[in-house]
Structure formats: structure tokens, C-alpha cells
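To start, the structure itself, in C-alpha cells.
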Amino acid sequence: MSEETAAQARASDAALMERISQRDESALAELYDRYAGMLTSVLNRIMRDAQAAEEILQDVFYQLWRAPERFDASRGSLPAWLVVICRNRAISRLRKKNPAAGDELVDDMVPLRFHLETEVSQQQMLGRVRGALESLPGEQRAAVELAYFEGMTHSEIAARTGDPLGTVKTRLRTAIQTLKRTLNA
Amino acid sequence: MSAHPSREEDFDLYALGALDADECGPFGEHLAACPECAAKLTEAKGRIALLAFAAASVAPASGAKQRLMARIDADAAAAQLPAKASVRSEERGVGFSGWWAAALVPATAVLAIATVVLWQEKNDLDKQIAALRNSVTTEQEQLSNSTKLANLIGSSDTVTVNLAQRPGMPKGVAHVMYNMKMKMLMYDGELEAAPAGKSYQLWVVPMNGNPVSAGVFQPVPGQTDHWMMAMPEGLVPKAFAVTIEPAGGMAQPTGPEVLLGAAS
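Top line first, the protein sequences correspond to chains A and B.
If you want our numbering, it's the position in the first sequence, counting the first as 1, plus 185.
If you want our numbering, it's the position in the second sequence, counting the first as 1, plus 2.
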């Protein structure tokens, strides 16, 4: 995708956020339709509890409505930002690091080279990411999934799988190199 | 300022949260002082966010959007009522600015707030009821399974088949118990983790015909795999076997036998 098209997609999300700032509920409903499926999928995968996943999703969109100014469209992608917030909250709650984690929206913006505004573009990205992960050897894929969906560090993955710490580090590093190469291609 | 990270993928590992505390600390300190590395980390966060697409697609719960919009409506109503009441009082003139306004505005605001609170309480109660239902269902299933297992083990018609490890295959022990009258089969065993990209698959090898799958599994080291299932209709087992198959299992065995036991 060209930088120009990506910028147009961001502007469209930005336009919805602008309408949300003006208290336009239909803009929030449109953003919900656009990204709730993607976010529900990742929340369910992490929490393995549909009720808890919905609770987090509701809170995130509610806070987006309450404080739309926290998102800066000039510095980042809305879906990527929402994914980071949802994942952080889910993992914090899952691991009971902080049951009330994420009561505020984070300020860190997350740029994305890709456009995810439409269902088609999300499906394309889904195929691309899953293809990239499936190209990894099973141990590498498992390590990435434990880190991403369960929030595990190298040591925790080693303890879970029974593999030596050095092996786990090598697996994750190699997996990241491959994913980076594939997703940036 | 400490040195830049030696490898580019460190940014992605940091964004992923995979670095342990002893690695994170120095990295975090460096990031705070190095705009160049902070920018690389921001890019890495975008890449890592895409891993969300690895999750199996799940649609939002039915009614979730309506619940969100209702919450926002209730919130908005609570926030706007005093202002609206104030506008109305101006429209109606001085007479309305008396005790009516003084009583109505706070009363309506209280009502709106109470609506939000009640909605929240209803939500909490719904969640508790759903959790209790799940808990009861799980306990009923556990009780039912325990009863079936006790009946299977206690029946004189039950046959136990020990599955022996095949030479050169992953280590493991397992046995199958089956009962033709009860039409039940139970597998219980412990095997090494399956090779990468593979699963184990249990087969009922019948006296006549092709093997029939009786379960695909991915053992967790140190944990026992155990399940019960109905014996396939009309099947008289000659043997039971566990093979290595592509992840997710196959319609017919294609991989090497890991465990094998004769039924008679």
C-alpha cells in the first residue's frame, strides 16, 4: 500500500474521531462496526472469556467516547492504538498484575504502514499475518503466541515449555526476524 | 547514555513484552534518552500490533454494540439534564425559576444517575448469573463424566488395553479402556510433546475395515491426556494405536505408530 493511501485511511478514521469530539454518536457506532470484530477476536484469544472480553471492549470504546482527544491521528493509526490498549488491558487482567489496569487511555501513538479501515483490508491483513506465522516452525510460532497472547517473557516461556532459556531466546529472535521481513515486504 | 541495542529485533522483542526485567531495565533507560531508538520502538509497536490478526476471528457478542450505545446515552443524559432544564426555565420566564426548577433539575439528574447505576448493577448481576450458570453446567458435566468413568472402570465387561511404545518413537505410556455394552471408550496416557507442526492421533483399528479416529491431541509435558468418548457404532476393535499426524489430525493414519496395543 502506498503512503498516500495509508494517509487517506488515517484521515478517514481521523474524521470519525473529529465527529466523536463533537459528540456524534453515529461516528462512534461506525468506528465500533469497523474495529470491534478485530478487537473482540484478540480479546477473546487472550481472555478466553467472552464476557470479560466484552467488558474490556466496552470500556475502551466508552473511554474513547469520553476522551477522544487522547488519540492523535497525526502520529498514529487508530486500529493499532486500540489493539495495543486492548492487549495491554487484557494481559494485565489475565495475569492479575493490575486488575484495574488501563482505566486511562495510553498516550503512546502507534504508527502503521497498512490501511485497516475496511473489512476487505482487515481480511487481507489477517491472511498475511496468519500466512507469516504459519511459515514459522512450530516452536517459533508457539513462542510468539505465548509472548503475544499470554504476555510471557523469555523466562516464562522457557518455564512453560521446559526448553532452555537460550533456546527460547533464539526461537523468538529468529521468529521476529522472519515476521519483520515478511510483514515489511 | 547507554549504547544502542545491538540488534534491530530487540525493539520488537521489547514491544512484544518478551524481554525479562534484567533486559528491560537498561533498554527502557536508553529509550528515555535516545529519540532515534524511541522512534524505532514506535515502529516496532505497529508491527507487533498486527499479531492481533493471528487470533481466530470472533464476532462481537450480540447486543454488545447496543449496550455500549445505551451506556453512552445514559451518560449523556445525566450530563445534559441540568443544562436542558436551565434552558427551559429561561424559556418559560421568571415563574419557572422558582422551587419547580430547584426541585426538578436535581431530581431529574438523580433519576438519570440512578438509571446509569441500575444499568451497571443489572450488568453486574447478569454477569454473576452467567458465571453461576457456567459453573453449574461445568459441575454437572464433571459429575456426569465421573459417573460414566466409575461405571466404565467398575464394569466386568470393560477391557483394558495397554499401549506399548514403539521402538525409536517419543516416550510415553498409555492405556485404553473400552466397553462394548456401554459403548464407551476411554484413553489415559502421557506422551512427550508432539514434534513441531504435528499432533498425536488415537485410532481404533477394527477387525474389519479402516481405522477410525478416536481423538487428536497435543500433550503438555508432565500432564496426562485423558478423555472418554462413545465407541463408534458397530465397531469391534482389534487394536488401538497412536500415530503422529499433521497438526489437527487426518482422516486416516499417515504417520508412524508411536503406541500400539492389541484389543484381545
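We put the beta carbon where it would ideally sit given N, CA and C, even for glycine.
Between which residues of its own chain and residue i is the CB-CB distance below 7 Å, once the five residues before and five after are set aside?
i: Leu-201/A; result: Ala-212, Glu-215 and Leu-216
i: Asp-244/A; result: none
i: Pro-258/B; result: Met-171, Thr-245 and Ile-246
i: Ala-275/A; result: Leu-228, Ile-231, Met-232 and Ile-241
Ordered along the chain, which non-local residues of its own chain (more than five positions away) have a Cβ less than 8 Å from that of residue i?
i: Ile-205/A; result: Ala-212, Leu-213, Leu-216, Leu-249, Trp-250 and Pro-253
i: Ile-50/B; result: Asp-14, Ala-17 and Leu-18
i: Asn-147/B; result: Met-230
i: Leu-357/A; result: Gln-325, Ala-328, Val-329, Ala-332, His-339 and Ile-342
i: Phe-256/A; result: Met-202, Leu-249, Leu-263, Trp-266, Leu-290 and Met-294
i: Leu-368/A; result: Arg-313, Val-314 and Ala-317
i: Ala-253/B; result: Ser-215
i: Ser-197/A; result: Glu-302
i: Gln-167/B; result: Lys-173, Gly-174, Val-175, Val-260 and Leu-261
i: Cys-26/B; result: Tyr-16
Hey, how far is the Cα of residue i from the Cα of residue j?
i: Ala-332/A; j: Asp-159/B; result: 48 Å
i: Trp-266/A; j: Gly-222/A; result: 15 Å
i: Gln-220/B; j: Val-119/B; result: 46 Å
i: Val-227/A; j: Val-207/B; result: 40 Å
i: Pro-248/B; j: Ser-201/B; result: 6 Å
i: Ala-238/A; j: Pro-7/B; result: 35 Å
i: His-300/A; j: Gln-309/A; result: 10 Å
i: Leu-350/A; j: Phe-29/B; result: 19 Å
i: Ala-40/B; j: Ser-306/A; result: 28 Å
i: Arg-208/A; j: Ile-342/A; result: 45 Å
i: His-228/B; j: Ala-61/B; result: 31 Å
i: Asp-234/A; j: Pro-169/B; result: 42 Å
i: Val-178/B; j: Arg-298/A; result: 53 Å
i: Val-244/B; j: Lys-173/B; result: 12 Å
i: Ile-361/A; j: Ala-20/B; result: 11 Å
i: Ala-35/B; j: Arg-69/B; result: 44 Å
i: Tyr-180/B; j: Asn-210/B; result: 18 Å
i: Met-184/B; j: Leu-154/B; result: 8 Å
i: Gly-261/A; j: Pro-296/A; result: 4 Å
i: Gly-65/B; j: Gln-236/A; result: 12 Å
i: Val-161/B; j: Glu-319/A; result: 41 Å
i: Asp-24/B; j: Ser-4/B; result: 15 Å
i: Glu-240/A; j: Lys-129/B; result: 10 Å
i: Arg-267/B; j: Lys-42/B; result: Nothing about residue 267/B can be read from this structure; chain B reaches only from 3 to 266.
i: Leu-193/B; j: Leu-151/B; result: 22 Å
i: Gln-142/B; j: Phe-246/A; result: 37 Å
At which residues does the alpha helix (DSSP H) containing residue i begin and terminate?
i: Gly-222/A; result: 210-232
i: His-300/A; result: His-300/A -> no alpha helix (DSSP H), and no H or E assigned at all.
i: Leu-53/B; result: From DSSP, Leu-53/B is part of no alpha helix (DSSP H); its letter is neither H nor E.
i: Met-171/B; result: Where Met-171/B is concerned, there is no enclosing alpha helix (DSSP H), given that its DSSP letter is neither H nor E.
i: Met-202/A; result: 188-206
i: Ala-232/B; result: Here Ala-232/B belongs to no alpha helix (DSSP H); instead the beta strand (DSSP E) covers 227-232.
i: Gly-236/B; result: It is not in any alpha helix (DSSP H) - Gly-236/B carries neither H nor E in the DSSP assignment.
i: Leu-21/B; result: From DSSP, Leu-21/B is part of no alpha helix (DSSP H); its letter is neither H nor E.
i: Ser-277/A; result: 263-279
From the beta carbon of residue i, is the nearest beta carbon of chain A less than 7 Å away?
i: Pro-37/B; result: no
i: Asp-14/B; result: yes
i: Ala-54/B; result: yes
i: Val-89/B; result: Confidence in Val-89/B is poor, its pLDDT being 46 and thus under 50, which makes the residue's placement too unreliable to answer from.
i: Arg-168/B; result: no
i: Gly-65/B; result: no
i: Glu-247/B; result: no
i: Pro-172/B; result: no
Which stretch, first to last residue, makes up the beta strand (DSSP E) that contains residue i?
i: Phe-219/B; result: 214-219
i: Phe-242/B; result: 239-248
i: Val-161/B; result: 161-167
i: Val-60/B; result: Here Val-60/B belongs to no beta strand (DSSP E), and DSSP marks it neither H nor E.
i: Met-294/A; result: First-last for Met-294/A: undefined, no H or E at that position.
i: Leu-193/B; result: 186-193
i: Ser-201/B; result: 200-208
i: Val-260/B; result: 259-264
i: Gly-174/B; result: 174-181
Apart from the five residues on each side of it in sequence, which residues of its chain come closer than 6 Å, Cβ to Cβ, to residue i?
i: Ala-265/B; result: Val-163, Pro-239, Lys-240 and Ala-241
i: Pro-223/B; result: Ala-195
i: Pro-213/B; result: Trp-205, Val-207 and Pro-255
i: Ala-176/B; result: Leu-165, Gly-191 and Leu-261
i: Thr-117/B; result: Ala-76
i: Gly-95/B; result: Any reading at Gly-95/B is ruled out, since the residue's pLDDT is 44, under 50, leaving its predicted position unreliable.
For residue i and chain B, any beta-carbon pair shorter than 7 Å?
i: Leu-279/A; result: no
i: His-339/A; result: yes
i: Ser-206/A; result: no
i: Gly-323/A; result: yes
i: Tyr-220/A; result: no
i: Phe-246/A; result: yes
i: Gly-316/A; result: no
i: Ile-270/A; result: no
4-residue-minimum alpha helix (DSSP H) runs that sit fully inside the stretch 314-367 of chain A, ordered along the chain: 323-335 and 339-346
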